[in-house]
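In UniProt numbering, the protein residues as written are 11 to 429. Heads up, the thing below is written out as structure tokens.
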Ligand code: PLP
């Protein structure tokens, strides 16, 4: 309560913004994932790895826009490319060379992607990939996994409040190959399996390679389509998580940072499947979208890939994240604190491990880190961006250690109350 009171006291302008927002948007919110109790921060600006809220507090941005912000804020190469695209005229009512350039770069990075199509979001990319798989197989069912998140209408929280998109989903436990084998054994109508190699929004749970290889085998044997949702995990190497794992899905969806930080999504994969979208075909599957090839995103994506996303940069980012996750885990273990960390490379979630008190423990950690100038999501997500360096990381580790020391009593009491 005291930590929350401090949060509220120091942020009158964020609170005023929230009150204004509530009058015109449900919950004052146009993006459910940004809701944060008691009211979210309203951020005025960002540069590099830092953001400044409307009350004038500056934070190191460890959230990294839920992984889209891998470049930090307004990186020079992207800003320059977008300014040029703006000057050259937007909404051109036509194809443009920028979309070809971005498509070429994506196809060159992913061996599994022969052809690619752009969308405006990751959600749309997944909706299109599913639609394509159903059209290609003539089957209806889509296998997804508990805690999977593929977009606002494609979200599968545990306990089963199902997706709102009108598809015939079968929800299976994640990382459970036996359950997947059983599903294929009894169901001949599976069109596709849609899977995140690591569940991002679901809490940064990493699938075993055996599970993903097993899905590859099962789908292949059944003539079903394997779709990797790499919207978050594409950052794990030049060719995404599939590149690290050496697994070739039939279709892949990407999004987030590949648009240089602007609104973006894409789906791509096997030539024979993607060919269904060729508008010259009599049985062509329609995929329009006014902004699919918008020049701002296309230009930003090209600039970002060329300037920032080479293999060495992604490898270094991966290693930095692995080290941070290990160091955080070590701090929690040494203190016997009720927190743990899961994830892969530069994306991780700090979990509060006492289920009954998890919300309070998560909020306490977030409030204290915010007070020290470290911005993480209330649900514990950290997504490192390229400009976050050793100094920022070591300051975060110090802040977490200081938090555990300062809050020993509160945390201890909460553990005892929980029993
Ligand atoms: N798939 C995954 C794995 C995601 O993490 C997200 C977004 O967080 C999406 C799909 C949806 O992408 P978008 O928010 O661009 O619609």
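Ideal Cβ positions, reconstructed from N, Cα and C, are used throughout, including at glycine. Source: prediction; values computed, not measured.
* **Runs of beta strand (DSSP E) wholly within the stretch 148-223 (minimum 3 residues, chain order)** => 151-155, 178-182, 200-205
* Tell me, to the nearest whole angstrom, how far the beta carbon of residue 356 is from that of residue 390; I am working on the premise that it is less than 8 Å. => The residue given as residue 356 occupies position 346 in the chain shown. The residue given as residue 390 occupies position 380 in the chain shown. That belief does not hold up - the Cβ atoms of residue 356 and residue 390 are roughly 15 Å apart, past 8 Å.
* To do: Rounded to whole angstroms, what's the CA-CA distance from residue 233 to residue 143? Just pull it up for me.
  => Numbered from its first residue, the chain shown carries residue 233 at position 223. Numbered from its first residue, the chain shown carries residue 143 at position 133. Approximately 11 Å between the Cα atoms of the pair.
* Count the other CB atoms, across all protein chains shown, that sit within 10 Å of the CB of residue 404; report buried if there are 16 or more and exposed otherwise. => In the chain shown, the residue the question calls residue 404 occupies position 394. Exposed: under 16 other Cβ atoms inside 10 Å.
* Any non-hydrogen atom of the ligand PLP closer than 6 Å to residue 265 Cβ -> As a first step, residue 265 is located in the chain shown; it is residue number 255 there, counting from the start. Yes; taking the cut-off as 6 Å, the Cβ of residue 265 has a heavy atom of the ligand PLP nearer than that.
* Spatially closest choice to residue 70 from 22, 189, 363, 409, by CA coordinates -> By one-based count along the chain shown, residue 70 stands at place 60. When each option's Cα is compared against that of residue 70, the closest is 409.
* To do: Flag this pair as yes or no: are the beta carbons of residue 147 and residue 201 separated by less than 7 Å?
  => Residue 147 sits at position 137 when you count from the first residue of the chain shown. Residue 201 sits at position 191 when you count from the first residue of the chain shown. It is a contact, given that the beta carbons lie within the stated cut-off.
* DSSP state of residue 503 mapped onto helix, strand, coil -> The question about residue 503 has no answer here: the residues shown for the chain are numbered 11 through 429.
* To do: Please indicate yes or no: does the CB of residue 103 lie closer than 6 Å to some heavy atom of the ligand PLP?
  => Mapped onto the chain shown, residue 103 falls at position 93. No, the beta carbon of residue 103 sits no closer than 6 Å to any heavy atom of the ligand PLP.
* Would you identify the three-state DSSP class for residue 428, choosing helix, strand or coil? => On the chain shown, residue 428 is found 418 positions in, with the first residue counted as 1. Legend: pLDDT at residue 428 = 43, less than 50; position of this residue unreliable, no value from coordinates given.
* To do: Just the C-alpha distance for residue 302 and residue 296, rounded to the nearest angstrom, thanks.
  => Here residue 302 refers to the residue found at position 292 when the chain shown is read from its first residue. Here residue 296 refers to the residue found at position 286 when the chain shown is read from its first residue. Their Cα atoms are separated by approximately 13 Å.
* What number of angstroms, rounded off, separates the C-alpha of residue 84 from the C-alpha of residue 115? -> As a position in the chain shown, residue 84 is number 74, starting the count at 1. As a position in the chain shown, residue 115 is number 105, starting the count at 1. Going from the Cα of residue 84 to the Cα of residue 115 covers about 21 Å.
* Asked: CB residue 206 to CB residue 178, shorter than 7 Å?
  -> Residue 206 sits at position 196 when you count from the first residue of the chain shown. Residue 178 sits at position 168 when you count from the first residue of the chain shown. No, the Cβ-Cβ distance between residue 206 and residue 178 is not below 7 Å.
* Asked: What do you get for residue 400, buried or exposed, if any count of 16 or more other CB atoms within 10 angstroms of its CB means buried?
  -> Translated into positions along the chain shown, residue 400 becomes position 390. Classification for residue 400: exposed.
* **Rounded C-alpha distance that separates residue 428 from residue 364** => As a working note, residue 428 is residue 418 in the chain shown. As a working note, residue 364 is residue 354 in the chain shown. With a pLDDT of only 43 at residue 428, under 50, the local geometry of the prediction cannot be trusted, and the value read off the model is given with reservation. Each residue's alpha carbon lies about 8 Å from the other.
* Residues in its own chain within less than 7 Å of residue 291 by CB, not counting five upstream and five downstream? -> Here the question's residue 291 lines up with position 281 in the chain shown. Around residue 291: no qualifying Cβ.
* To do: Run the proximity test for residue 116: is its beta-carbon closer than 6 Å to any non-hydrogen atom belonging to the ligand PLP?
  => For the purposes of this step, residue 116 is identified with residue 106 of the chain shown, where counting begins at 1. No, the ligand PLP has no heavy atom inside 6 Å of this Cβ.
* To do: With a 10 Å radius around its C-beta and 16 neighbouring C-beta atoms as the bar for buried, classify residue 138 as buried or exposed.
  => For this step, residue 138 is matched to residue 128 along the chain shown. Answer is buried; the Cβ neighbour count reaches 16.
* To do: May I have a chain-ordered list of the beta strand (DSSP E) segments no shorter than 3 residues that lie completely inside the stretch 296-331?
  => Those beta strand (DSSP E) runs which fall completely within the stretch 296-331 and span 3+ residues do not exist here.
* Considering residue 354, what are the terminal residues of the beta strand (DSSP E) in which it resides? -> Taking the first residue of the chain shown as 1, we reach residue 354 at position 344. Its beta strand (DSSP E) spans residues 349-354.
* To do: Can you tell me the Cβ-Cβ gap for residue 96 and residue 306, rounded? I've got them flagged as a contact below 8 Å.
  => In the chain shown, counting from the first residue as 1, residue 96 sits at position 86. In the chain shown, counting from the first residue as 1, residue 306 sits at position 296. Correct: roughly 7 Å between the Cβ atoms.
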